[in-house]
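Let me begin by presenting the structure, written as structure tokens, before commenting on it.
Numbering (my numbering), first residue to last: 1456 to 1834.
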């Protein structure tokens, strides 16, 4: 599909903010939303070191997203198969292998997290939470990009509002401790850069996952601005969360679920349930974004052969098969543990098959005069 078929008539929100909301949706998942990933990658560096690492990760996300969006616009590639065929040529299959492993892992983890949320918050059997998440993902992704975009929009509003309220309540409940945590902390030192680089490299695959929402971009300027904005939009909730966590540094780093620990300190009736609902919504948008990327990859391949795009029923079936394999089967046969042991390996793999080619080959192609005028941005 060419840009001219998709970008005209797009709103300011769709061109500049939607890509950032979508990137945040894919990144946030269960670990970010509960604070566990923040405790793993940022808390060990202390208040100022952790913030420095988060700002470094934000900068990396912004630069990589801007390059990715601009190259996708120039190639007219709005699914990851088309994008990597344009970037890597015959080697595009290397990314697909890495991405499938990544999806199996994150969807299995999301399913486990949804089961735990249902059990802890409402007393449901764990299977009920898993099924609710799976059915919700299928329902959203079955209707295609338009519905997925609406989900990104409204869930993002919920997320930013809840995280903002979370910080307000934290300041009201233990704001003095937060101030002391930062006042007594030394300047950034140690291995804070490694934490920021590792976290950024593992999650930046989201810039490719959300390619379907880039159909609204009209100019290279749109792509660059949307990409630069995407980094801060994706990290803002994490920064708000991290600031609250510093009230209990360094002990908070040992908490399995930092969010639950902080919510217990606030003792605000009803907010705990609202926060758990927000985490479920984060799991939904992350899972839906990942499954939708696969649907669009398959649909793009079908359309390239002159056939009509995937129907709603076909998208639902594909989503159900993926989720069944990832959420139910993967945990039973031990794939989750097997793949989780290679988490950092996946980060290096994405650097090799995505980031490095993007900043070298991709930059060269962006600077080279186009030989395909019909794929250029709208005037």
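Think of the CB as a built atom: it goes at the ideal place given N, C-alpha and C, for glycine as much as any other residue.
Are the CB atoms of residue j and residue i within a distance shorter than 8 Å?
i: residue 1588; j: residue 1742; result: yes
i: residue 1493; j: residue 1697; result: yes
i: residue 1782; j: residue 1651; result: no
i: residue 1564; j: residue 1707; result: no
i: residue 1771; j: residue 1593; result: yes
i: residue 1516; j: residue 1685; result: yes
i: residue 1835; j: residue 1474; result: Residue 1835 is absent from the structure shown; the chain starts at 1456 and stops at 1834.
Can you name, in chain order, every residue of its own chain whose Cβ lies under 6 Å from the Cβ of residue i, other than the five neighbours on each side?
i: residue 1723; result: 1624
i: residue 1507; result: 1643, 1647
Going by CA-CA distance only, name the one from the options that's closest to residue i.
i: residue 1557; options: 1622, 1528, 1777; result: 1777
i: residue 1658; options: 1483, 1539, 1476; result: 1483
i: residue 1639; options: 1824, 1598, 1502; result: 1502
i: residue 1490; options: 1543, 1568, 1767; result: 1568
i: residue 1527; options: 1500, 1574, 1666, 1584; result: 1666
i: residue 1733; options: 1613, 1641, 1574; result: 1613
i: residue 1532; options: 1476, 1700, 1759; result: 1759
i: residue 1609; options: 1762, 1740, 1681, 1824; result: 1740
i: residue 1480; options: 1691, 1705, 1809, 1467; result: 1691
i: residue 1601; options: 1726, 1465, 1779, 1576; result: 1465
i: residue 1478; options: 1805, 1630, 1607, 1679; result: 1607
So, helix, strand or coil for residue i, using DSSP?
i: residue 1513; result: helix
i: residue 1842; result: No information on residue 1842 is available, as it lies outside the stretch 1456 to 1834 that the chain covers here.
i: residue 1499; result: helix
i: residue 1778; result: helix
i: residue 1715; result: helix
i: residue 1687; result: helix
i: residue 1535; result: helix
i: residue 1641; result: coil
i: residue 1710; result: coil
i: residue 1747; result: helix
Quick one: residues in its chain with C-beta nearer than 8 Å to the C-beta of residue i, no 5 flanking neighbours on either side, listed in chain order?
i: residue 1843; result: Lying before the first or after the last residue shown, residue 1843 is absent from the chain, which here runs from 1456 to 1834.
Assuming residue i contacts residue j under a Cβ cut-off of 8 Å, what Cβ separation, rounded to an integer in Å, is found between them?
i: residue 1411; j: residue 1538; result: Only positions 1456 to 1834 of the chain appear in the structure, and residue 1411 is not among them; the question remains open.
i: residue 1817; j: residue 1522; result: 6 Å
i: residue 1504; j: residue 1644; result: 6 Å
i: residue 1718; j: residue 1730; result: 6 Å
i: residue 1768; j: residue 1596; result: Rounded, the Cβ-Cβ distance is 12 Å, inconsistent with contact.
i: residue 1709; j: residue 1471; result: Going by Cβ atoms, the distance from residue 1709 to residue 1471 rounds to 40 Å, so no, they are not a contact pair.
i: residue 1487; j: residue 1693; result: 6 Å
i: residue 1738; j: residue 1753; result: Their Cβ separation, rounded to whole angstroms, is 23 Å, which puts residue 1738 and residue 1753 out of contact at 8 Å.
In its own chain, which residues sit with a C-beta less than 7 Å from the C-beta of residue i, not counting the 5 before and 5 after it?
i: residue 1513; result: 1686, 1687, 1690
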